[in-house]
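One structure is given below, encoded as structure tokens.
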Amino acid sequence: LTLSGACADAASPRALLSPPSCCASQTPGSPCARRTPELPDGSCSVPGTGGLQDGEFDLKKAQRMAHFAGATYCSPDQITNWSCGPHCEGVPEVSDVTLISNTTEVLQGLVAFDKTLGAIVVAFRGTISESIT
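Counting with our numbering, you get residues 80 to 212 for the letters of the sequence shown.
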């Protein structure tokens, strides 16, 4: 059995705990839920968003994440209202935006729900020139 890219004993506790939807097999009577020639028999590949395999780069997802990071440099009101120009416009399907701020530590970030990805996103602003003394 291939589990997380490494050989594993099919009777191991880790393999036994993997869901049938994780397993692929063309063998009749197999408990594996996937019947696909793209994965070798016994392979376990948990599907990621967009159908990418582990280690593949998703430019559109990276661009979305860059917009979230860029939005953390906007003013608190712009973040809260999700109205910070190109960064907020770059990820329009966002809800439940919460500002994270600590003026003493010059820290700012956000938590939001990205409806397109179906994920909670946490982003923090990097260093700003005013914070360097």
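Heads up, the beta-carbon is just placed ideally off N, CA and C, and yes, glycines get one too.
Local Cβ density within 10 Å of residue i, reported as buried at 16 or more and exposed below that
i	result
G127	For G127, the predicted model reports a pLDDT of 45, less than 50, meaning its position is unreliable; a value from the coordinates is still stated below. Exposed, by the Cβ-count rule.
F147	buried
Q187	buried
T206	exposed
A150	buried
V170	buried
V173	buried
Start-to-end residues for the alpha helix (DSSP H) that takes in residue i
i	result
G169	165 to 169
Spatial distance of residue i from residue j (CA atoms)
i	j	result
G129	K139	Here G129 scores only 48 on pLDDT, less than 50, and its place in the model is too uncertain to base an answer on.
T182	V200	22 Å
T177	T195	18 Å
D156	A202	16 Å
P165	F192	18 Å
M144	E184	24 Å
F204	P92	The sequence shown places Arg at residue 204, rather than the Phe named in the question. So the two alpha carbons sit approximately 41 Å from each other.
S162	E168	8 Å
C153	S180	12 Å
C-beta neighbour in chain C for residue i, strict 9 Å
i	result
E135	In the displayed structure, chain C is absent; only one protein chain is listed.
Continuous beta strand (DSSP E) stretch holding residue i: start and end
i	result
I199	198 to 203
(Q) For a minimum of 3 consecutive residues, which ranges assigned as the beta strand (DSSP E) are wholly contained in the region 134 to 193? (A) If we require 3 residues or more, the beta strand (DSSP E) runs fully inside the region 134 to 193 come out as 173 to 181, 186 to 193.
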